[in-house]
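Quick note: to get the numbering used here, add 669 to the position in the sequence shown (first position is 1). Yeah, the Cβ is synthetic: ideal placement off N, Cα and C, and Gly gets one too. If you're wondering where the values come from, they're calculated on a predicted model, not measured in any experiment. In what follows, a single structure is set out as structure tokens and then discussed.
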Amino acid sequence: MPPPLNFSDGPVTSDPRDDQTGDQDSPQAVDDELQRVKEQLKTSMKNKYERLFEGLNLQENETLLNRIYTQLYIIEGESEGVNEELEVFQMEKTARTQHSQDTPIDCNDIFKASPEPGYEEKHQIKTVLTKGIAGIGKTVSVQKFILDWAEGKTNQDVDFMFVLPFRELNLIRDHQYSLHRLLLDFHPELQDLDSKIYEECKVVFIFDGLDESRIALMFSDAQKVSDVTESSSVSDVTETSSVGVLMSEKVSEVTETSSMGVLMSNLMTGELLPSALIWITSRPAAANQIPSKYINRLTQIQGFNELQKEEYFRKRISDEHQASRIISHIRRARSLHIMCHIPVFCWISSTVLQKLLKEDLSAEIPQTLTEMYIHFLLIQINMRNQKYEERDPEKLLQSNREVIVKLAEVAFNQLLKGNVMFYEEDLRESGIDVTDASVYSGICTEIFKEESVIHQRKVYSFIHLSFQEFLAAFYVFYYHVIKNKKPLDEFRV
């Protein structure tokens, strides 16, 4: 795992190279230095993204991405009604209509002009917005996109790729940064480059997880920040637009310092680094934060089609007979068949069904999403309790009730706020002591993921939004029976 990023707290108003005599360098020396930094960045990216962690981010769960990766079904445009429905219902519609008149697009081709009639070759695709429900493969698609570039397979006309996940940017949303300083903190390899190089090279910025953002994005024609080292602040916001997007100053220089909201917004609008390519991923409900006039191409990840689904299970399960049996069962169980268009649910199903069939070939196999999640919960608890007498399902649930209820409370409270990513302060609200190791042993580590990011801060999430919804529903039911409907009081009419 790469070391945590070390972000600066204060404003940076100058280029780190200002004290150097860069004008003494020959053009050849500059080119050589640029090539060296490119190769260093590619090596760093390859080391970071070549492994995929399914479930907990531990060594025993890591798999080489190129070995397990299964191509996703991605279309240009989006399915009708994608923003208005609950995500699980969106998945059901996707399962029914995936092979209609959609235009498939390869992830590595998202910035290439469409070959469709009416598009000119010179048509520039600058900003791409990719929508997809939780767990559908947005982040893994980003990971594969970068890995293919770093390994020299695709998009070799691109000089630099930078990933800026909102889950990490949230932690510094109140800090002041220039784009140049921010990129140096993410990628120290860039320290020997002049900040002007960003304007001379072909650069791709990837903003992953717009739906996880707690940063106020700002789009307007008000003030400007046009230097990659220039500065501004969230407090510079002057008013709110009619669509609920904050209006603020603009940045157009990579050395110009600003708040995260101003910086990200100006990259997306093209005020800052107009030549840069931008890729934004988001769940559908959050995608309207960005005015459509700033988006050149809209794509939608629809998950696995039937062939891709089967390919995933056969890659994931080494026993060919067992893989065939699991695939056959999933095809017969309608709700499981629909949900398995979601890659993360394929992993959950694989984990549960392999465990059940290993212990008892005649075991009753889950037929519904709820049954699958209950089995998954029991498997994780069972991994924590190795003694035979503790493997009875009822005893397991009773002995872990306090932990489960606390996690269910987190799931419920954060669902009300629309949060799928949580921080330590969110856990404390539900009475979870983040220093209590017992909370994160066994059961919690697989269903409740912990990641170390910038400032050695922790970011938490459930393995999938639908699992968070499952625990939230349990929390409501639990307090309906035990605590007299306490969670539902605020919804009473």
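Residue 1036 (DSSP reduced to helix, strand or coil)
coil
Quick check: the segment 956-969 against the segment 994-1002, are at least 3 beta-carbon pairs closer than 8 angstroms?
no
Through-space distance from residue 1090 to residue 886, alpha-carbon basis:
18 angstroms
How should residue 869 be labelled, buried or exposed, when 16 other C-beta atoms within 10 angstroms of its C-beta is the threshold for buried?
exposed
To the nearest angstrom, how far is it from the Cα of residue 1129 to the Cα of residue 832?
19 angstroms
If you measure between the beta carbons of residue 814 and residue 794, is that distance less than 8 angstroms?
no
For the structure I just gave you, are there three or more beta carbon pairs, one from the segment 926-941 and one from the segment 702-713, closer than 8 angstroms?
no
Simplified DSSP state of residue 1106, which is helix, strand or coil
Because the pLDDT of residue 1106 is 39, which lies under 50, any placement of that residue in the model is unreliable, and the question is left without a value.
Note down, in chain order, each residue of its chain lying with its Cβ closer than 8 angstroms to the Cβ of residue 991, except the 5 sequence neighbours on either side.
1023, 1026
Put residue 1127 into one of helix, strand or coil per three-state DSSP.
strand
Three-state secondary structure (DSSP) at residue 800?
strand
Go to residue 1079, then tell me how far its alpha helix (DSSP H) extends in each direction, as first and last residue.
1070-1086
DSSP three-state assignment for residue 920, whether helix, strand or coil:
coil
Whose CA, out of 1049, 1029, 1017, 1028, lies closest to the CA of residue 1037?
1017
Give me the Cα-Cα distance between residue 1009 and residue 1142, rounded to the nearest whole angstrom.
21 angstroms
How close, in whole Å, do the beta carbons of residue 656 and residue 879 come, if the pair is a contact with beta carbons under 8 angstroms?
The requested residue 656 is not part of the displayed model; the chain covers only 670 to 1162.
Under the three-state DSSP convention, the category residue 1164 falls into:
No answer is possible for residue 1164: it lies beyond the span of the chain, which begins at 670 and ends at 1162.
Could you pull out every residue in the same chain whose Cβ sits closer than 8 angstroms to the Cβ of residue 979, ignoring the five residues on either side in sequence?
996
Determine the DSSP secondary structure at residue 873, reduced to helix, strand or coil.
strand
In three-state terms, what does DSSP make of residue 1137?
helix
Comparing alpha-carbon positions, which option in 934, 987, 973 lies nearest residue 964?
934
Hey, how far is the Cα of residue 1044 from the Cα of residue 957?
37 angstroms
For residue 1096 and residue 1077, the rounded distance between their alpha carbons
11 angstroms
Reference residue 952; option with closest CA among 800, 718, 698
800
Backbone CA spacing between residue 924 and residue 948 [nearest angstrom]:
22 angstroms
Sort out for me which residues DSSP pairs residue 830 with in a bridge.
873
Neighbour-count burial assignment, residue 826, 16 or more Cβ in a 10 Å radius:
exposed
Whole angstroms are fine: how far does the CA of residue 985 sit from the CA of residue 805?
17 angstroms
Enclosing alpha helix (DSSP H) for residue 710 [first to last residue]
696-718
Helix, strand or coil: how does DSSP classify residue 867 here?
helix
Rounded to whole angstroms, what is the Cα-Cα separation between residue 884 and residue 1102?
26 angstroms
So, helix, strand or coil for residue 1143, using DSSP?
helix
Can you tell me whether residue 798 is buried or exposed? The criterion is at least 16 other CB atoms within 10 Å of its CB, across all chains shown.
buried
Which same chain residues end up closer than 7 angstroms to residue 1013 when comparing Cβ atoms and leaving out the 5 residues on each side of it in sequence?
804, 1132, 1133
Can you tell me the Cα-Cα spacing of residue 1056 and residue 1138, whole angstroms?
Only weak support is given to the placement of residue 1056: the predicted model assigns it a pLDDT of 38, under 50, and the value that follows is read from those uncertain coordinates. Whole-angstrom Cα-Cα distance: 31 angstroms.
From this set, 770, 778, 929, 872, which residue's C-alpha is nearest residue 837's C-alpha?
929
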